[in-house]
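**Student:**
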């Protein structure tokens, strides 16, 4: 157990992170290490029982990290305690946890924290969700009474670093998933999706996933249809949207800004003539068609239509490859920013430590002088010292 009689100033500058991510561990272990929000209070209690005063539990589907402020003299002991707690939580041996986790301390841990907040050290580079998840973890740690000035400051600085990277790079601007690519192309073509209507034809898994992503991105209206009325109704319930009939397909196409096909029937459900008629009814307003069928649901001849933009899954995958290349290039600049901001933390802590040491020495000299001047009279010496402390600049009195 870590010594619980730790003065707050002993924690300054001592950061340790014990964690498991997509590089260090298997998905199976990460699933077992995951700490849900309902499990947080009990895990924080176990951390307190182990002697930790400041800690943040950061747990997502892709990583679990325990971020701790701890005395520099107990880094090894602290790491062992955290591994022990994680092993108990996951129902695994300590050796198994040690083999699939990493331990970072000091400046290396600060750099890692800033990189995680900036989504540089993540499964998807540039994933903007990471910063929000870290903020949430910080808030929950505060709710559980496990955050002090030091961790508050570091989380604030990590957020500042992430925001600077967002301003100075385009690391999160290009899509790296099929769903994100579909949303981006839809926005490029139609602008605000809140004013757009999407038609999903079929109940294939990829089509449903893309429809759900469109809704999450702010899609204004979704209509689903299927040759089977029962499957159409089920799909409508799953996506909480309108249901149309295949008999009304020409009318539905004329309403749709975006069309998703997910039938996989080995025959075309949309041909060039149907889509041409829809564009005429729409007064040449373009239609974005995503064919998720394998083999395709849409006649490739439709690609020749001026107002129809036909994408297959291969086309969307090409967009994501370009996005991954772009993010890798932007990541180089982002890492430079992380190193710069982490370096400021190291310098700031060193300067603060030196200043506090000098001020403490000065006050001790004043105390000794007051005792000597009072001739050993403790009460008089105290009055002399209090008066002289009042005369000090405010920033020194507050030390």
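Numbering (this note's numbering), first residue to last: 1 to 399.
Note that CB positions come from ideal geometry on N, CA and C, so glycine has one too.
(1) According to the Cβ coordinates, are residue 199 and residue 255 closer than 9 Å?
(2) Indicate whether the contact test is met: 3 or more Cβ pairs, each with one atom in the segment 157-165 and one in the segment 212-231, closer than 8 Å.
(3) Going by other Cβ atoms of all chains shown within 10 Å of its Cβ, with 16 needed for buried, is residue 173 buried or exposed?
(4) Can you tell which of 267, 201, 296 has the C-alpha that lies nearest to the C-alpha of residue 253?
(5) Quick check: the Cα distance between residue 263 and residue 272, rounded to an integer number of angstroms?
(6) Note down the Cα distance separating residue 26 from residue 108, rounded to an integer number of angstroms.
(7) If you reduce the DSSP assignment to three classes, tell me which class residue 95 lands in.
(8) Using DSSP with H/G/I as helix, E/B as strand and the rest coil, what is residue 180?
(9) Using 8 Å as the Cβ pair cut-off and three pairs as the minimum, do the segment 272-282 and the segment 298-312 touch?
(10) DSSP three-state call for residue 7: helix, strand or coil?
(11) Rounding to the nearest angstrom, what Cα-Cα distance links residue 280 and residue 211 in this structure?
(12) What is the rounded straight-line gap between the Cα of residue 183 and the Cα of residue 214?
(13) For residue 122, count neighbouring C-beta atoms within 10 Å of its own C-beta (all shown protein chains included) and say buried if the count is 16 or more, exposed if not.
(14) Just to confirm before moving on: does the CB-CB distance between residue 57 and residue 17 stay below 9 Å?
(15) Is DSSP giving residue 76 helix, strand or coil here?
(16) Take the Cβ of residue 31 as the centre, count every other Cβ of all protein chains shown within 10 Å, and call the residue buried at 16 or more, exposed below.
(17) Taking the beta strand (DSSP E) that residue 308 falls in, what are its first and last residues?
(18) Would you call the CB atoms of residue 111 and residue 278 closer than 9 Å?
(19) Name the two residues that bound the continuous beta strand (DSSP E) containing residue 100.
(20) In or out: residue 406 buried (at least 16 other Cβ within 10 Å) or exposed?
(21) So, do the segment 318-326 and the segment 284-298 have three or more beta carbon pairs nearer to each other than 8 Å?
(22) What does the Cβ neighbour count give for residue 386, buried or exposed, with the cut at 16 atoms within 10 Å?
(23) What residue from 75, 206, 59 has the CA that sits closest to residue 52's CA?
(24) In or out: residue 325 buried (at least 16 other Cβ within 10 Å) or exposed?
(25) Determine the burial state of residue 340: buried for a count of at least 16 other Cβ atoms within 10 Å of its Cβ, exposed for fewer.
(26) Locate the beta strand (DSSP E) running through residue 291, then write down its first and last residues.
(27) Just to confirm, is the Cβ distance from residue 129 to residue 29 under 9 Å?
(28) Counting only the same chain and skipping the five closest in sequence on each side, list residues whose C-beta sits under 6 Å from that of residue 113.
(29) Whole angstroms is fine: what's the gap from residue 91's alpha carbon to residue 15's?
(30) Identify whether residue 242 lies in helix, strand or coil by the three-state DSSP scheme.
**Tutor:** Inspection of the coordinates gives the following:
(1) yes
(2) no
(3) exposed
(4) 201
(5) 17 Å
(6) 23 Å
(7) helix
(8) helix
(9) yes
(10) With a pLDDT of 42 at residue 7, under the threshold of 50, the modelled position of this residue cannot be trusted; read the value that follows with caution. In the structure shown, residue 7 sits in coil (DSSP, three-state: anything other than H, G, I, E or B).
(11) 25 Å
(12) 6 Å
(13) buried
(14) no
(15) helix
(16) exposed
(17) 308-312
(18) no
(19) Premise fails: residue 100 is in no beta strand (DSSP E) and is neither H nor E.
(20) No answer is possible for residue 406: it lies beyond the span of the chain, which begins at 1 and ends at 399.
(21) no
(22) exposed
(23) 75
(24) exposed
(25) exposed
(26) 287-291
(27) no
(28) 158
(29) 26 Å
(30) strand
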